[in-house]
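Accompanying notes for the structure given below.
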Amino acid sequence: MSTADVVRIHSHGGPEEMKFETMELAAPGAGQVRLKQTAIGLNFIDVYTRTGLYPGPTPAVLGVEAAGVVEALGEGVTSLKVGDRVVYNGLGGAYASHRNAPADRMIVIPEAVKDEDAAAVFLKGLTVWMLIFEIRRLNPGETILVWAAAGGVGSILVPWANALGARVIGVVSTPDKAVLAKEYGCWETILASEDVPARVKELTSGKGVPVVYDSVGKTSAEPSLRSLQPRGWFVTYGNASGPVDAMPPARLNQGGSLIMTRPGLFHFTKERADLERGSAALWGAMRSGAVKADVRQRFALKDAADAHRALEGRKTSGATILTP
Ligand code: NDP
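Position 270, counted from 1, in the sequence shown is what our numbering calls 264; the numbers after and before it change by one each time, with no gaps.
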């Protein structure tokens, strides 16, 4: 029996619930591989899992995304071999030095992509693929509104939208983040403390935008709705400030027959063929230079609680990696 270093919660709560522990790790079961993980992606979803906003049992090893090397194969695994570099997302238990995981959720990392970069983009980049291709294909010439434009998802969404010919207005909390959002490709930025709908109207000759990508949630939902043009799309895909308050369907009608959707990536990649399709699109966007990994913070796995404090405290930009 081998062991793994993990970060685990025994009850939901603040970052202080995150314990660095050593666990026994059994041999991989049928259909599984054992991974030696090299880079773990930090995601806001990890915060929701820790607090219990996204319910789940405890004790639980946090994290849903990592890159690593295949160390051993369980019975029946033929799609991978020992030594393959792979990345995954959507599998709980990623805050670990080693783990067992289903082989059919692994994607082999292209040779040109470093492990760390793969862990930085795999969940966030597929989320962007879902947003700009699968939910509603972004059209060239459209001006769109993106919240948290200097964050992890923002660092991929902004340049990829640009590559499709869209113009991005980014919302950020500080002037420094505004500078970074412009580097990512924002046409204009708005500070979250400003009157966002009024600024959007100013920038769009009074029209508003056809689509808003809103990951902030509670505090941004109403400003998002008021920034849309008639028949616009309110894509509310995160809750960094808390879950969006309930609203009557009539609110969408008042805004001009608006369309609202609350997507989750894992519904879009449940089928292996879709996971591969999204991955191919992401690697292609990296190959063309449209999308780059931008790792701006690194923490040792044992310090994952500090990483959570930074993410929740709006102190991070771009992607954050935990190193086992
Ligand atoms: P980010 O790096 O974007 O961090 C979150 C950002 O949200 C902060 O940096 C901050 O930017 C902004 N923010 C605004 N209000 C708050 C607040 N009250 N507390 C904390 N942050 C706030 O995180 P990720 O890239 O990991 O994720 C971005 C969003 O995308 C998250 O909401 C996440 O849940 C969502 N997501 C959804 C998925 C889905 O399938 N639906 C999949 C993946 C991610 P600023 O300081 O500029 O305001």
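Glycine included, each C-beta is placed from N, C-alpha and C at the ideal position.
beta-carbon residue i near the ligand NDP non-hydrogen atom, thresh 6 Å
i, result
"A238", "According to the sequence as given, residue 238 is Val; it is not Ala. Answer for V238: no, Cβ out of range of the ligand NDP."
"L276", "no"
"A234", "yes"
"Y178", "no"
"N133", "no"
"F116", "no"
"T121", "yes"
"S167", "yes"
"V210", "yes"
"R308", "yes"
"W231", "Here the sequence assigns Tyr to residue 231, which means Trp is not the residue at that position. Because some heavy atom of the ligand NDP lies under 6 Å away, the Cβ of Y231 counts as near it: yes."
"L74", "no"
"K296", "no"
"G145", "yes"
"N247", "no"
"A142", "yes"
Spatially closest choice to residue i from the options, by CA coordinates
i, options, result
"D297", "R2, Y178 and L269", "R2"
"L276", "F14, E18, K13 and K118", "K118"
"P53", "G68, E59, G87 and L36", "G87"
"D109", "P134, Y82, W123 and G135", "Y82"
"G135", "A114, M100, V203 and R193", "V203"
"Q291", "A284, T314, M280 and A304", "T314"
"R303", "N37, L197 and A21", "N37"
"K212", "A106, M17, W141 and A175", "W141"
"A284", "E196, E177, L295 and A294", "E177"
Residue i (DSSP reduced to helix, strand or coil)
i, result
"T16", "strand"
"P224", "strand"
"M124", "helix"
"E59", "strand"
"H261", "helix"
"P169", "helix"
"Y42", "helix"
"L74", "coil"
"A54", "strand"
"Y288", "The sequence shown places Asp at residue 288, rather than the Tyr named in the question. Three-state DSSP puts D288 in coil, outside helix and strand."
"G35", "strand"
"E65", "strand"
"A274", "helix"
"R245", "helix"
Whether residue i touches residue j by CB criterion (7 Å)
i, j, result
"Q31", "G62", "yes"
"R161", "T137", "yes"
"V206", "S221", "yes"
"I126", "A155", "yes"
"A234", "S209", "yes"
"V289", "A114", "yes"
"A299", "M12", "yes"
"L259", "T121", "yes"
"G84", "V64", "no"
"D40", "L56", "yes"
Check: residue i C-beta below 6 Å from any heavy atom of the ligand HEM
i, result
"E188", "With respect to small molecules bound, the structure shown includes the ligand NDP and not the ligand HEM."
Which runs of the beta strand (DSSP E) fall wholly inside the region 175 to 239 and span at least 3 residues, in chain order?
Segments of the beta strand (DSSP E) lying fully in the region 175 to 239: 182 to 185, 203 to 208 and 222 to 230.
Quick check for students: name the residue ranges of the beta strand (DSSP E) that lie wholly in the region 84 to 167, counting only runs of 3 or more.
If only uninterrupted beta strand (DSSP E) runs of at least 3 residues are considered, those enclosed by the region 84 to 167 are 92 to 96, 137 to 141 and 161 to 166.
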